[in-house]
Amino acid sequence: MKIDEFIHFAKDNPVCFLATTDGDQPHVRAILLFFADKTGFYFGTLSPKEMSKQLHKNPKVELCFYNNPHDFSQAKQMRLTGKAEFVKDPEMIHKLHEERLFLDDIAGQNLEPYSEVFKVTAGDIHFWSISDVMNETHLEHLVF
35 MKIDEFIHFA
45 KDNPVCFLAT
55 TDGDQPHVRA
65 ILLFFADKTG
75 FYFGTLSPKE
85 MSKQLHKNPK
95 VELCFYNNPH
105 DFSQAKQMRL
115 TGKAEFVKDP
125 EMIHKLHEER
135 LFLDDIAGQN
145 LEPYSEVFKV
155 TAGDIHFWSI
165 SDVMNETHLE
175 HLVF
């Protein structure tokens, strides 16, 4: 399997679930993909959020992208275990902010000073579908 298949799946299903930890307590939330390419899977957050604090303290994460079909037999998920790395590129942070200006309206303030971009890299990624029940040990994984 090639990384392009995973990138395509993520782009087609951009809302995913991100697991972080706070001590020994896991926390999962839905998050929107910013973009993905061969350098990683990119996301945005805001520095005051607990998610940001958790990622800075422990960058180990797991993501689960899901295609959510009408026919459950066609359900497929992509699981990615890796490390979050914050990107300090002002242009990329500005682009994230511009794409999500609606958040400024919700918050009632300019959120760009709080905006952060992180990418998930250096991990293990695989697909899983309902037909893989009890066959998890035989799934093809890609280490990237």
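Okay, so the sequence shown: first residue is 35 according to the working numbering, each after it adds one.
Heads up, the beta-carbon is just placed ideally off N, CA and C, and yes, glycines get one too.
Mind reading off the beta-carbon distance from PHE68 to GLY57? Whole number of angstroms is fine, and I expect it under 8 Å.
Counting from 1 along the sequence shown, the entry for residue 68 is found at position 34. Counting from 1 along the sequence shown, the entry for residue 57 is found at position 23. So it is not a contact: roughly 28 Å between Cβ atoms.
Have a look at LEU145, GLY74, ALA109 and flag the residue whose alpha-carbon is nearest the alpha-carbon of ALA156.
Working through the sequence shown from its first residue, we reach residue 156 at position 122. Cα-wise, what sits closest to ALA156 is GLY74.
Which value, in whole angstroms, describes the spacing of the CA atoms of ASP166 and ALA141?
Mapped onto the sequence shown, residue 166 falls at position 132. Mapped onto the sequence shown, residue 141 falls at position 107. In a straight line, the C-alpha of ASP166 is about 42 Å away from that of ALA141.
Can you give the Cα-Cα distance for SER107 and ASN101, rounded to whole angstroms?
Stepping through the sequence shown from its first residue, residue 107 is reached at position 73. Stepping through the sequence shown from its first residue, residue 101 is reached at position 67. Answer to the nearest angstrom: the Cα atoms are 11 Å apart.
Ignore the nearest five residues each way along the sequence and tell me which others in GLU174's own chain have a CB closer than 7 Å to its CB.
The count along the sequence shown starts at 1 and reaches residue 174 at position 140. Within the same chain, GLU174 has close Cβ partners MET35, HIS160.
Let's test the definition: count the other Cβ atoms within 10 Å of the Cβ of ALA44 and tell me whether it reaches 16, buried, or not, exposed.
Here residue 44 corresponds to residue number 10 of the sequence shown, with the count starting at 1. Its Cβ being crowded by 16 or more others within 10 Å, ALA44 is buried.
Measure the beta-carbon distance from PRO93 to LYS117 and round it to whole angstroms, keeping in mind my assumption that it falls under 8 Å.
As a position in the sequence shown, residue 93 is number 59, starting the count at 1. As a position in the sequence shown, residue 117 is number 83, starting the count at 1. That belief holds up - the Cβ atoms of PRO93 and LYS117 are roughly 5 Å apart, short of 8 Å.
If you count every other CB in all the chains shown that lies within 10 Å of the CB of VAL95, and 16 or more means buried, which is it?
What you label residue 95 is simply residue 61 of the sequence shown in a count that begins at 1. Burial call: buried.
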